[in-house]
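Peer 1: Read left to right, the sequence shown gives residues 22 to 143 (this note's numbering). Pasting a structure below so you can have a look.
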Amino acid sequence: MAGRTVNKAELVEVIAQKADLTKVAAGDALEALLAQISGALKRGDKVQIAGFGAFEARWREPRRGRNPQTGEQVDIAGKWAPAFKAGKALKDEVASAEPPAVPCEDVSPPVTPAPPWGAGPA
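This is the structure in structure tokens:
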């Protein structure tokens with residue numbers, strides 16, 4: 022895991038290679054999948070993909086928020102929001118992944134500075 026963002030074009034390329042499709046056909050397939058998931062959520066349906074996870078629309082209650090620039094309280098309307106819950110197989114797959122390699126130039130332990138009042142080892 023490199024911790025980078027995979028974009029839509031990269032997904033299309035991988036789908037095309039794995040499914041032996043043209044990039045146009047892979048792009049159409051990905052678009053169709055996303056459109057079906059979006060349409061189902063708009064209708065209030067839940068989309069469950071075995072081993073991967075489930076998409077659903079959840080209601081967010083209206084609440085009172087605060088404008089961070091002015092500090093003024095504002096009312097935030099309730100709304101439907103998309104949500105995803107990972108399935109067990111996906112959770113297990115991610116949990117078993119190797120941690121990303123973190124490049125570090127200095128592996129020595131940090132030095133703790135002496136307190137400003139001059140106390141320290143005698």
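We put the CB at the ideal spot given by N, CA and C, even for glycine.
Just verifying my parser: in three-state terms, what is the DSSP assignment at Lys25?
Peer 2: Position 4 of the sequence shown, counted from the first residue, corresponds to residue 25. It should be noted that the sequence gives Arg, not Lys, for residue 25. Here Arg25 sits in coil by DSSP.
Peer 1: Could you work out which residue in Ala110, Ser117 and Ala122 is closest to Gly72 when comparing CA atoms only?
Peer 2: As a first step, residue 72 is located in the sequence shown; it is residue number 51 there, counting from the start. Ala110 is the residue among Ala110, Ser117 and Ala122 whose C-alpha sits nearest the C-alpha of Gly72.
Peer 1: Over what stretch of residues does the alpha helix (DSSP H) that includes Lys44 continue unbroken?
Peer 2: Reading the sequence shown from its first residue, position 23 is the one you call residue 44. Looking at the DSSP string, the run of the alpha helix (DSSP H) that includes Lys44 is Lys44 to Arg64.
Peer 1: Count the C-beta pairs between the region 75 to 83 and the region 93 to 107 that are closer than 8 Å, then say yes if the count reaches three, no if not.
Peer 2: yes
Peer 1: Determine whether the Cβ of Arg85 lies closer than 7 Å to any Cβ atom of chain B.
Peer 2: Checking the listed chains, one finds no chain B in this structure; it contains a single protein chain.
Peer 1: From Glu52 to Gly108, what does the alpha carbon distance come to, in whole angstroms?
Peer 2: As a first step, residue 52 is located in the sequence shown; it is residue number 31 there, counting from the start. As a first step, residue 108 is located in the sequence shown; it is residue number 87 there, counting from the start. Each residue's alpha carbon lies about 23 Å from the other.
Peer 1: Which same chain residues, not among the five before or five after Val95, have their C-beta less than 8 Å away from its C-beta?
Peer 2: Within the sequence shown, residue 95 is the residue found at index 74, counting from 1. The answer, listed in chain order, is Arg85, Gly86, Arg87 and Asn88.
Peer 1: Which of helix, strand or coil does DSSP assign to Ala37?
Peer 2: As a working mapping, residue 37 is identified with position 16 in the sequence shown. If DSSP states are grouped into helix, strand and coil, Ala37 belongs with the helices.
Peer 1: Just grab the DSSP bridge partners of Pro77 for me.
Peer 2: Locating residue 77 in the sequence shown gives position 56, counting from the first residue. Sequence check: residue 77 is Glu here, not Pro. Ala104, per the DSSP bridge assignment.
Peer 1: Can you tell me where the beta strand (DSSP E) with Gly92 in it begins and where it stops?
Peer 2: Counted from its first residue, the sequence shown places residue 92 at position 71. Looking at the DSSP string, Gly92 is not in any beta strand (DSSP E), and its letter there is neither H nor E.
Peer 1: Would you mind stating whether Ala37 and Lys44 have Cβ atoms separated by less than 7 Å?
Peer 2: In the sequence shown, the residue the question calls residue 37 occupies position 16. In the sequence shown, the residue the question calls residue 44 occupies position 23. Their beta carbons are under 7 Å apart, which means Ala37 touches Lys44 by this criterion.
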